[in-house]
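Engineer:
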Amino acid sequence: MERPLLVYTTFPDAPTALDIGEALVRARLAACVNVIPGMQSVYAWKGAIERGAEVVAILKSRESLADALAAELKRRHPYETPIILHLPVSGADLDTAAWIRAETGPV
Numbered sequence: 206m207e208r209p210l211l212v213y214t215t216f217p218d219a220p221t222a223l224d225i226g227e228a229l230v231r232a233r234l235a236a237c238v239n240v241i242p243g244m245q246s247v248y249a250w251k252g253a254i255e256r257g258a259e260v261v262a263i264l265k266s267r268e269s270l271a272d273a274l275a276a277e278l279k280r281r282h283p284y285e286t287p288i289i290l291h292l293p294v295s296g297a298d299l300d301t302a303a304w305i306r307a308e309t310g311p312v
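Count along the sequence shown starting at 1, add 205, and that's the number in my numbering.
1. Which complete alpha helix (DSSP H) runs does the segment 220-307 hold, if anything under 4 residues is left out?
2. How many Å lie between residue 219 and residue 227 at the Cα?
3. Just grab the DSSP bridge partners of residue 214 for me.
4. For residue 209, does the three-state DSSP call read helix, strand or coil?
5. Only counting the same chain, and skipping five residues up and downstream in sequence, which positions put a Cβ closer than 7 Å to that of residue 221?
6. Under 7 Å Cβ to Cβ from residue 265, same chain only, skipping five residues before and after it: list those, please.
7. Taking C-alpha atoms, which residue in 217, 225 and 233 lies nearest to residue 311?
8. What is the C-beta distance between residue 207 and residue 267, in whole angstroms, given that I count them as a contact (C-beta under 8 Å)?
9. Going by Cα to Cα distance, which pick from 215, 239 and 224 is closest to residue 247?
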């Protein structure tokens with residue numbers, strides 16, 4: 206049985222995250238996108254230390270869609286270098302895994 210995959214990314218604001226998340230769900234690359242606002246980030250970028258407000262998005266998908274999901278996320282993302290981290294799932298509730306499989310991939 207194919208394992209679920211979580212993808213972690215960040216966006217500049219919730220409307221952008223929700224719009225891109227909806228597009229990914231409509232494309233059946235993700236079953237769900239959780240958007241968590243209110244994050245403050247400190248990061249190194251092009252030799253400087255930056256601070257900024259961001260939102261976190263956690264995408265629920267499956268391993269076989271990792272490359273296609275990352276490519277579409279990168280294509281739509283407003284950041285020059287978006288953070289796209291694949292977080293393998295070692296186990297999942299069977300009903301949750303079945304729902305993710307049913308809502309992703311070909312119709």
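Glycine included, each C-beta is placed from N, C-alpha and C at the ideal position.
Structural biologist: Taking the definition as stated:
1. Whole alpha helix (DSSP H) segments, 4+ residues: 271-281.
2. In the sequence shown, the residue the question calls residue 219 occupies position 14. In the sequence shown, the residue the question calls residue 227 occupies position 22. Each residue's alpha carbon lies about 12 Å from the other.
3. Here residue 214 refers to the residue found at position 9 when the sequence shown is read from its first residue. 262, per the DSSP bridge assignment.
4. Stepping through the sequence shown from its first residue, residue 209 is reached at position 4. In this structure, residue 209 counts as strand in the three-state DSSP scheme.
5. Position 16 of the sequence shown holds residue 221. Contacts found: 283.
6. On the sequence shown, position 60 is the one that residue 265 refers to. By the criterion of a C-beta distance shorter than 7 Å, residue 265 is surrounded in its chain by 209, 211, 235, 236, 237 and 305, once the five residues flanking it on both sides are discounted.
7. By 1-based counting over the sequence shown, the position of residue 311 is 106. Distance from the Cα of residue 311 is smallest, within the candidate group 217, 225 and 233, for 233.
8. If you number the sequence shown from 1, residue 207 lands on position 2. If you number the sequence shown from 1, residue 267 lands on position 62. Sure, about 5 Å apart at Cβ, within 8 Å.
9. What you label residue 247 is simply residue 42 of the sequence shown in a count that begins at 1. Nearest in C-alpha terms to residue 247, of all of 215, 239 and 224, is 215.
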